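Residue numbers (the working numbering): 6 to 453.
Every residue, glycine too, gets a C-beta built ideally from N, C-alpha and C.
It should be emphasised that the depicted structure is a prediction, and the values quoted were computed from it without experimental measurement.
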């Protein structure tokens, strides 16, 4: 008995997934027609798909999709296009790019920080939260290449899909590169003007200071995004990136050490607007209510501030007010009134100034500590760095931008250079950092 062709078996499995997802869409036809119509009306080509709905339709499917998204996502997106062709053919013809599925829901153990991205997750669908520290410039990337006959003036055009290691599916035809000749052995050349391109961008996310283990260097991971996901995040933003964790081996050579760089190919990027709220137990809530009913609530909190340091009640009260903050206001004329104060501690040596800063850093949900001697103006605000590979400039966020919506503690402030000290005045007054260097003009939030 002849062995079954692996390619044929894979094609049959793919077709089964396409047929199953089309049937799933038809079973929920009204919901999906309304969802697709709403998204297309807003110009959004990403259709949300809840993981729990897949689990309800077929138990165990959610885990399979997370562990091997390359087998399921292309088939489901093909089924989505088939469903749209049957229900709304006019909408399908108006699309310039294919629809994409945006997986949402609870990712379980696949929801990690950059430190948790280990080798066991390679090839899986991940949800990673972190802080954007570096963004490269958006560049056009080839989507479809158009090829015409060389030295022949006719209307012959051959279209070739361009796919690389970041694509979900890489076929033998797309991996073969540009065609050199047509079926009649005529030489072909690429028509750059008629080829179709899409945006592509690389950026880096780092684990946030509140999630990094004390005393350890924060881990980071590089992210690749295409199309409408470009420019969705800038340095200093807290984001949640959903994507496929992939390794990128170098071109084949005679020898390799087997260590390949790994990156996250993004399928969705969402901003994390607020810090994660702490989980209070009923006992904690009861104690908070008791303290709130007391008339000396503020005095009690001030006395509880840095209890290892005796005295300095007014200094502790000022630092407490700085941590609590006020209410920021945005007036109708565009004026922004900050709700935070800046505190400068001045005193004799060995009177507890640094220890109070340490208490603030250990108590605040988001706090970054630095010293005046070991900090520069660009290190506190933002720096323009030339990329070693492309030789282009990119922006890297400094300490005050990374501490957005948090607290930054600068010890030994008097040891800072006068030029570097002036650089942080804008962040202290306007709570933003403006950079105009290397042909780039950017304004970053520094609400700390």
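Closest by C-alpha distance to residue i, when choosing among the options
| i | options | result |
| --- | --- | --- |
| residue 19 | 74, 440, 432, 422 | 74 |
| residue 231 | 246, 427, 150 | 246 |
| residue 206 | 44, 254, 274 | 274 |
| residue 70 | 121, 238, 111 | 111 |
| residue 411 | 425, 397, 432 | 432 |
| residue 186 | 197, 163, 379, 331 | 163 |
| residue 381 | 368, 425, 406 | 425 |
| residue 450 | 439, 146, 373 | 439 |
| residue 405 | 305, 313, 308, 430 | 430 |
| residue 85 | 47, 121, 38, 66 | 38 |
| residue 366 | 100, 309, 328, 202 | 328 |
| residue 169 | 146, 352, 305 | 146 |
| residue 48 | 105, 331, 136 | 105 |
| residue 422 | 435, 379, 441 | 379 |
| residue 44 | 31, 333, 100 | 100 |
| residue 355 | 336, 315, 338, 388 | 315 |
| residue 221 | 227, 228, 229, 211 | 211 |
| residue 408 | 30, 335, 453 | 453 |
| residue 60 | 52, 368, 29 | 29 |
| residue 236 | 399, 437, 403 | 399 |
| residue 89 | 103, 76, 14 | 103 |
| residue 445 | 418, 434, 397 | 397 |
| residue 248 | 72, 441, 40 | 72 |
| residue 26 | 233, 13, 50, 63 | 63 |
| residue 3 | 375, 447, 434, 441 | Because the chain in this structure spans residues 6 to 453, residue 3 falls outside the shown range and cannot be described. |
| residue 51 | 288, 293, 234 | 234 |
Boundaries (first-last residue) of the beta strand (DSSP E) holding residue i
| i | result |
| --- | --- |
| residue 134 | 130-140 |
| residue 249 | 243-252 |
| residue 391 | 387-391 |
| residue 53 | 51-55 |
| residue 291 | Counting along the chain, residue 291 falls outside any beta strand (DSSP E), though it belongs to the alpha helix (DSSP H) covering 287-297. |
| residue 267 | 267-276 |
| residue 376 | 372-376 |
| residue 167 | Looking at the DSSP string, residue 167 is not in any beta strand (DSSP E), and its letter there is neither H nor E. |
| residue 461 | Lying outside 6 to 453, the shown extent of the chain, residue 461 is not represented and no answer is given. |
| residue 4 | Past the boundaries of the shown model lies residue 4; the chain is included only from 6 to 453, so the question cannot be answered. |
| residue 264 | Per DSSP, residue 264 belongs to no beta strand (DSSP E) and is neither H nor E. |
| residue 145 | 144-154 |
| residue 449 | 445-450 |
| residue 229 | 225-231 |
| residue 412 | 412-416 |
First through last residue of the alpha helix (DSSP H) which encompasses residue i
| i | result |
| --- | --- |
| residue 348 | Looking at the DSSP string, residue 348 is not in any alpha helix (DSSP H), and its letter there is neither H nor E. |
| residue 435 | 430-435 |
| residue 328 | 318-329 |
| residue 74 | 74-92 |
| residue 363 | 358-368 |
| residue 401 | Element bounds for residue 401: not the alpha helix (DSSP H) but the beta strand (DSSP E), 398-402. |
| residue 45 | 34-46 |
| residue 303 | 302-308 |
8 Å contact criterion, which residue i and residue j should meet: CB distance rounded
| i | j | result |
| --- | --- | --- |
| residue 92 | residue 267 | 39 Å between Cβ atoms; not a contact. |
| residue 272 | residue 108 | 7 Å |
| residue 401 | residue 240 | 7 Å |
| residue 129 | residue 250 | 6 Å |
| residue 352 | residue 416 | The Cβ separation is near 13 Å, so there is no contact. |
| residue 201 | residue 149 | 4 Å |
| residue 213 | residue 330 | So it is not a contact: roughly 19 Å between Cβ atoms. |
| residue 428 | residue 385 | 7 Å |
| residue 152 | residue 196 | 7 Å |
| residue 310 | residue 325 | 5 Å |
| residue 229 | residue 171 | 5 Å |
| residue 372 | residue 437 | Actually they are not in contact, since the Cβ atoms of residue 372 and residue 437 sit about 20 Å apart, beyond 8 Å. |
| residue 383 | residue 403 | 6 Å |
| residue 242 | residue 137 | 5 Å |
| residue 305 | residue 299 | 7 Å |
| residue 56 | residue 67 | 5 Å |
| residue 277 | residue 244 | 6 Å |
Residue-level contact to chain D via CB, residue i, 9 Å cutoff
| i | result |
| --- | --- |
| residue 347 | As a matter of chain content, chain D is missing from the structure shown, which is built from one protein chain. |
Is it true that the region 318-328 meets the region 342-354, where meeting means three or more beta-carbon pairs spaced less than 8 Å apart?
yes
Would you call the region 109-126 in contact with the region 186-197, where contact means no fewer than 3 C-beta pairs closer than 8 Å?
no
Would you call the region 204-224 and the region 128-147 in contact, with 3 or more CB pairs under 8 Å?
yes
Any chance the region 80-91 sits against the region 21-33, with 3 or more Cβ pairs inside 8 Å?
yes
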